[in-house]
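Engineer:
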Amino acid sequence: MEIKVQLPDNSIQEHPAGVRPLDIANQISEGLAKRAIGAKVDEELWDLKRPLESDCKLLLILDRDEDAVHFYRHTFSHILAQAVKRLFGEHEVKLGIGPVIENGFYYDFDIGTRRFSEDDLKKIEEEMRKIIDEDLAIERFELPKDEAIKLMKEEGETYKIELIQELEAEKVSFYRQGDFVDLCRGPHAPSTGKVKHFKLVSVSGAYWRGDERNAMLQRIYGTAFAKKSDLEAHLKMIEEAKKRDHRKLGPQLGLFGFSYDYAPGMGIYHPKGTVILNELMRLARELHEEHGYREINTPLVM
Numbered sequence: 270m271e272i273k274v275q276l277p278d279n280s281i282q283e284h285p286a287g288v289r290p291l292d293i294a295n296q297i298s299e300g301l302a303k304r305a306i307g308a309k310v311d312e313e314l315w316d317l318k319r320p321l322e323s324d325c326k327l328l329l330i331l332d333r334d335e336d337a338v339h340f341y342r343h344t345f346s347h348i349l350a351q352a353v354k355r356l357f358g359e360h361e362v363k364l365g366i367g368p369v370i371e372n373g374f375y376y377d378f379d380i381g382t383r384r385f386s387e388d389d390l391k392k393i394e395e396e397m398r399k400i401i402d403e404d405l406a407i408e409r410f411e412l413p414k415d416e417a418i419k420l421m422k423e424e425g426e427t428y429k430i431e432l433i434q435e436l437e438a439e440k441v442s443f444y445r446q447g448d449f450v451d452l453c454r455g456p457h458a459p460s461t462g463k464v465k466h467f468k469l470v471s472v473s474g475a476y477w478r479g480d481e482r483n484a485m486l487q488r489i490y491g492t493a494f495a496k497k498s499d500l501e502a503h504l505k506m507i508e509e510a511k512k513r514d515h516r517k518l519g520p521q522l523g524l525f526g527f528s529y530d531y532a533p534g535m536g537i538y539h540p541k542g543t544v545i546l547n548e549l550m551r552l553a554r555e556l557h558e559e560h561g562y563r564e565i566n567t568p569l570v571m
């Protein structure tokens with residue numbers, strides 16, 4: 270069966286069903302294929318090695334294109350998960366979710382009572398760079414729902430089983446790189462060696478599925494860009510934001526402090542800070558009165 274593939278210049282090529290965007294890129298030029306990181310098929314982001322089964326519009330996404338960053342960040346998310354599994358135990362680590370977010374990515378992990386430290390993040394970064402250097406091929410495959418659940422049971426991935434059970438689709442997609450397999454819709458870069466510029470930036474707690482009744486997982490955040498200069502600029506911006514953090518500036522300027530023994534989240538105003546607070550309250554009262562509002566008081570704790 271032949272399918273028709275429309276390219277951005279409106280030319281139409283005919284190919285056997287199952288042709289991959291990477292195959293089409295190679296036919297156009299070897300240089301184009303080397304620069305391609307992914308594709309867009311009828312406005313859907315698509316793996317370079319994922320087959321095309323019907324007539325479609327195809328746009329190849331190159332390494333510096335705007336949409337390329339989604340492929341980079343999603344791939345880094347899986348590289349992060351693989352690195353954590355390698356370092357802390359294939360069966361000791363249970364995976365949550367690992368999506369792309371603005372300026373980066375994150376992944377949630379259950380590693381029991383252990384807590385990731387700054388030293389751990391450095392070790393994880395080093396392991397991620399090893400995985401990148403290994404240039405592992407990234408392959409998508411699908412399984413019927415019952416087989417997908419069986420695979421995740423064998424891996425001990427209880428959180429993934431929960432996600433699969435809620436899916437309505439008859440088939441479930443996975444991605445494999447080396448001996449690492451993860452439940453995922455994609456898309457991803459063709460191999461781990463296609464991504465380069467990243468940095469792990471922080472770790473925090475996160476309830477599974479955002480529900481405090483569920484287990485508390487550990488979320489590792491990372492950032493990634495197509496160009497090293499963009500990554501460096503973003504990291505510099507993060508550092509500048511830290512310098513302007515009110516939680517640092519307030520104590521440094523003698524405006525307020527925190528009592529971590531009694532009320533860790535509540536600021537205690539020092540004399541200078543109290544002057545500023547009173548002036549702001551005075552201004553607020555003047556503006557409220559000017560606009561016809563009347564002041565009331567409610568209990569501090571209800």
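Each residue of the sequence shown is one higher than the one before, starting from 270 at the first, in the numbering used here. Glycine residues also receive a C-beta, built at the ideal position from the N, C-alpha and C atoms.
1) Classify residue 520 as helix, strand or coil using the three-state DSSP reduction.
2) In whole angstroms, what separates the C-alpha of residue 366 from that of residue 431?
3) Taking 7 Å as the cut-off, decide whether the C-beta atoms of residue 539 and residue 525 are in contact.
4) Ignore the nearest five residues each way along the sequence and tell me which others in residue 354's own chain have a CB closer than 6 Å to its CB.
5) Spatial neighbours of residue 374 within its chain, please: CB distance less than 6 Å, with the 5 preceding and 5 following residues excluded, ordered by chain position.
6) Assign residue 589 to one of two classes, buried (16 or more other C-beta atoms within 10 Å of its C-beta) or exposed (fewer than that).
7) Considering only C-alpha positions, which residue in the set 421, 428 and 286 is nearest to residue 484?
8) Of all the options 495, 493, 413 and 400, which has the alpha carbon lying nearest to the alpha carbon of residue 439?
9) Leaving out five residues before and five after residue 352 in sequence, what residues of the same chain have Cβ atoms less than 7 Å from its Cβ?
10) Specify, as a first and last residue, the run of the beta strand (DSSP E) that residue 352 falls within.
11) Just to confirm the assignment, what range does the beta strand (DSSP E) spanning residue 492 have?
12) Among all the DSSP beta bridges, which residues are the ones paired with residue 325?
13) Let me check one thing: in DSSP terms, what residues is residue 307 bridge-paired to?
14) Could you tell me the alpha carbon to alpha carbon distance between residue 359 and residue 463, rounded to whole angstroms?
15) According to DSSP, what are the bridge partners of residue 315?
16) In this structure, does DSSP put residue 533 in helix, strand or coil?
17) Tell me whether residue 290 is buried or exposed, calling it buried when 16 or more other Cβ atoms sit within 10 Å of its Cβ.
18) When you compare the CB positions of residue 488 and residue 379, do they come within less than 7 Å of one another, or not?
19) Please report the distance separating the alpha-carbon of residue 422 from that of residue 325.
20) Just how far apart, CA to CA, sit residue 511 and residue 471?
21) Can you give me the start and stop residues for the alpha helix (DSSP H) that residue 511 sits inside?
22) In terms of residue numbering, what span does the beta strand (DSSP E) encompassing residue 377 cover?
Structural biologist: Looking at the atomic coordinates:
1) helix
2) 12 Å
3) yes
4) 362
5) 342, 345, 346 and 491
6) This structure cannot speak to residue 589, because the chain is shown only from 270 to 571.
7) 428
8) 413
9) 393, 396, 397 and 400
10) First-last for residue 352: 337 to 357, but that is the alpha helix (DSSP H), not the beta strand (DSSP E).
11) 485 to 494
12) 274
13) 330
14) 25 Å
15) 308
16) strand
17) buried
18) no
19) 37 Å
20) 13 Å
21) 497 to 512
22) 373 to 379
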